[in-house]
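Residue numbers (my numbering): 22 to 177.
Remarks on the structure that follows.
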């Protein structure tokens, strides 16, 4: 793995807590710099609160940070993550989606559904997502449009 390239923020609600803890162990073993933004228990927690914490961190420093946000389905985290400027959050439930989200969309937030994938699959997705480079080119043109024509108008 390419470690220490950027800081990784982790966030989850109660449904994603156990998977987040396993992902955290995986990242630490592979010498990534991480910050766990919570939740820190399996007590019911608001996915929007924790997803927003991670997305905010990425919106402040999109070039040097990434986030992995986990809830039961991954849908709630995806919704809240994409409410922030400079965030390109993608819900991935297989390695192909993780690869394409990086190659074509320069995804900087990975959303996972703890109730939709098993641990082995989740760790493979995380590894592919972290190790796939953005291709740029025509894809950069599309991201420029997204930022210049959509984000800059919607986030004033």
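Glycine included, each C-beta is placed from N, C-alpha and C at the ideal position.
Because the structure is a prediction, the values reported are computed rather than measured.
Straight-line CA distance for residue i to residue j?
i           : j           : result
residue 122 : residue 64  : 31 angstroms
residue 113 : residue 71  : 19 angstroms
residue 67  : residue 89  : 16 angstroms
residue 82  : residue 146 : 23 angstroms
residue 155 : residue 92  : 26 angstroms
residue 141 : residue 51  : 16 angstroms
residue 62  : residue 56  : 16 angstroms
residue 118 : residue 177 : 31 angstroms
residue 129 : residue 79  : 7 angstroms
For residue i, name the three-state secondary structure that DSSP assigns.
i           : result
residue 94  : coil
residue 157 : coil
residue 59  : coil
residue 89  : strand
residue 104 : coil
residue 138 : coil
For residue i, count neighbouring Cβ atoms within 10 angstroms of its own Cβ and tell me buried if that reaches 16, exposed if not.
i           : result
residue 49  : exposed
residue 105 : buried
residue 157 : exposed
residue 165 : exposed
residue 23  : With a pLDDT of 46 at residue 23, under the threshold of 50, the modelled position of that residue is not reliable, and the figure given next carries that caveat. Residue 23 is exposed by the Cβ-count criterion.
residue 169 : exposed
residue 159 : exposed
So the candidates are the options; which of them puts its Cα closest to the Cα of residue i?
i           : options             : result
residue 124 : 163, 41 and 174     : 163
residue 31  : 173, 131, 85 and 52 : 131
residue 59  : 46, 41 and 47       : 41
Taking 8 angstroms as the cut-off, does the segment 24 to 42 touch the segment 124 to 142 (at least 3 CB pairs, one atom from each stretch)?
Three or more beta-carbon pairs drawn from the segment 124 to 142 and the segment 24 to 42 are found closer than 8 angstroms, and the two stretches are therefore classed as touching.
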